[in-house]
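Visitor: Quick one: the structure is below, and I'll ask about it shortly.
Numbering (my numbering), first residue to last: 99 to 416.
Structure follows, in structure tokens:
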């Protein structure tokens, strides 16, 4: 992708930052965000991206160009877990402002989440047509944030004639920001905090490495249409969260304490039929991706990780 004028919100996030850094080499990339992380903002600028401070809860887009060809909207106001009205207002208004400001774009990508689905049992593979009405006991306002913004994206895609794709993200991770949910869990392990898991069985997800995120965003833009298209966006492999914790422990030697309880953070398994039909398969195996991410973010474990991978690669080859 080259020669395009791209607007990206949530500039320091798990999705936005690697995409911005990758595309800035051959495109004019503008990043919007609050930029509390000054180092991340500097890194974006060094890669050639223009950065603009924008808080979608309070700021309009006055002074920003309108001639963007592609938009990636990943900024989100998650809410505080209690104020549903404010969470809905901020996400609806921010999305509406962005779409109307960039109404002549070739493509608009809204990054939603699998949290929007009405929860079934832990083995259900969610399809894009499944019922909505997500619940997140760990942050009750978060599903409202995503469902509200999805509604605005659908409505304005048709009203404005703006080709739009809504990508419901599973769990993205990689060497940016806090590293995603796997690295949040690993930091709990490092602090010797118990990691919450279900009393029976384990939660499953589809981990998506940022290398695949970067490669797939332009493909998702190509898939945008009117009416808006909805796509489940996650990795090909189904990964058990308990298996993930134990693998990170094996790689690093950091023990994992499992807290089997009723309030673990639920995750989702996606049906990939639509995504595979549109943009194909992923390229990064989850075990490889996790090992690389740990080694990049936690230098003190690199030798241990290399030793583990060398031994187990040799065992597999033998």
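No residue lacks a Cβ here, since even glycine has one placed at the ideal position from N, Cα and C.
Give the DSSP bridge partners of residue 410, in chain order.
Guide: In DSSP, residue 410 forms no bridge with anything.
Visitor: Could you tell me the distance, in whole angstroms, from the CA atom of residue 408 to the CA atom of residue 322?
Guide: 43 Å
Visitor: For residue 216, list the residues DSSP reports as bridge partners.
Guide: Answer is none; residue 216 lacks a bridge partner.
Visitor: Taking three-plus beta-carbon pairs below 8 Å as touching, is the segment 181–200 in contact with the segment 137–157?
Guide: yes
Visitor: Name the residue from 171, 195, 136 whose alpha carbon lies nearest to the alpha carbon of residue 105.
Guide: Nearest C-alpha to residue 105 among 171, 195, 136: 171.
Visitor: Taking all protein chains shown into account, do 16 or more other C-beta atoms lie within 10 angstroms of the C-beta of residue 282, making it buried, or fewer, making it exposed?
Guide: exposed
Visitor: Using only the alpha-carbon positions, how far apart do residue 362 and residue 368 sit?
Guide: 19 Å
Visitor: Assuming residue 395 contacts residue 277 under a Cβ cut-off of 8 Å, what Cβ separation, rounded to an integer in Å, is found between them?
Guide: 5 Å
Visitor: Pairs of beta-carbons, one from the segment 236–251 and one from the segment 309–325, closer than 8 Å: are there three or more?
Guide: No: the two stretches stay apart, fewer than three of their Cβ pairs being nearer than 8 Å.
Visitor: Hey, could you find the ends of the alpha helix (DSSP H) residue 286 is sitting in?
Guide: 279–288
Visitor: What are the uninterrupted segments assigned as alpha helix (DSSP H) that are 4 or more residues long and contained completely in the segment 136–163, given in chain order?
Guide: Every alpha helix (DSSP H) stretch that sits fully inside the segment 136–163 and reaches 4 residues is listed by chain position as 136–144.
Visitor: CA-CA distance, residue 360 and residue 118?
Guide: 39 Å
Visitor: I'd like to check one pair, residue 266 with residue 212: are the Cβ atoms closer than 7 Å?
Guide: yes
Visitor: Run through DSSP, which three-state label would residue 244 get?
Guide: helix
Visitor: Of all the options 261, 215, 253, 141, which has the alpha carbon lying nearest to the alpha carbon of residue 364?
Guide: 215
Visitor: Which residues bound the alpha helix (DSSP H) around residue 347?
Guide: 339–350
Visitor: How is the beta strand (DSSP E) around residue 328 delimited, first residue to last?
Guide: 327–331
Visitor: On a CA-only basis, which of 269, 231, 221 is nearest residue 298? Give me that one, please.
Guide: 221
Visitor: Whole angstroms are fine: how far does the CA of residue 108 sit from the CA of residue 114?
Guide: 6 Å
Visitor: Tell me where the alpha helix (DSSP H) around residue 182 begins and ends.
Guide: 182–199
Visitor: Is there contact here, the segment 336–354 with the segment 311–322, by at least three beta-carbon pairs under 8 Å?
Guide: With the rule of 3 Cβ pairs closer than 8 Å, the segment 336–354 does not count as touching the segment 311–322.
Visitor: Name, in chain order, the residues that DSSP records as bridge partners for residue 126.
Guide: Answer is 103, bridged to residue 126.
Visitor: Measure the alpha-carbon distance for residue 116 versus residue 312 and round it to whole angstroms.
Guide: Distance between the alpha carbons of residue 116 and residue 312 is about 7 Å.
Visitor: With 16 other CB atoms within 10 Å as the buried threshold, where does residue 230 fall?
Guide: exposed
Visitor: By how many angstroms is the C-alpha of residue 348 removed from the C-alpha of residue 248?
Guide: Straight through space, the alpha carbons of residue 348 and residue 248 are spaced by roughly 39 Å.
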